[in-house]
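J.:
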Amino acid sequence: MNTEYLNPLRWNKSLLISLLAACIVIWFLFFDTYSLFTKIQLENQKEELIERTAEYERKAAELDVKIEELENNPDLIEKIAREDYGMKKPDETVYKVEKTE
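Taking the working numbering, the leading residue of the sequence shown gets 1105, the next gets one more, and so forth.
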């Protein structure tokens, strides 16, 4: 039996280096903490968070416009108080009309 093939120290050095390089590449692609798979997942999360941030910034801008309207328009405040909260002036009588189909 020839033991030369079983002893890694007697293998061709270029084969050993290629095998080691392949192991390192496989390790970094799949098993490392910062593997390619993890980087792709993190990039997808980053894009999703950027989209959500843009959406929240748009909503914040809309709310700023509404706040500005409420601060400068007392008629709008009165309309909201009457329609949404059922408030009335002290000398008023409120009649609710229900729609029938």
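Beta carbons: idealized from backbone N, C-alpha and C, even for Gly.
Here the structure is a predicted model, which is why all the values come from computation and not from measurement.
By Cβ distance below 8 Å, which residues in the same chain neighbour R1186 in space, the five residues on each side in sequence not counted?
T.: K1192
J.: What is the residue span of the alpha helix (DSSP H) that P1178 lies within?
T.: P1178 to Y1189
J.: Go ahead and pull the three-state DSSP assignment for Y1199.
T.: coil
J.: Anyone know if the C-beta pair for L1180 and L1174 falls short of 8 Å?
T.: yes
J.: Note down the Cα distance separating T1197 from E1205, rounded to an integer number of angstroms.
T.: 26 Å
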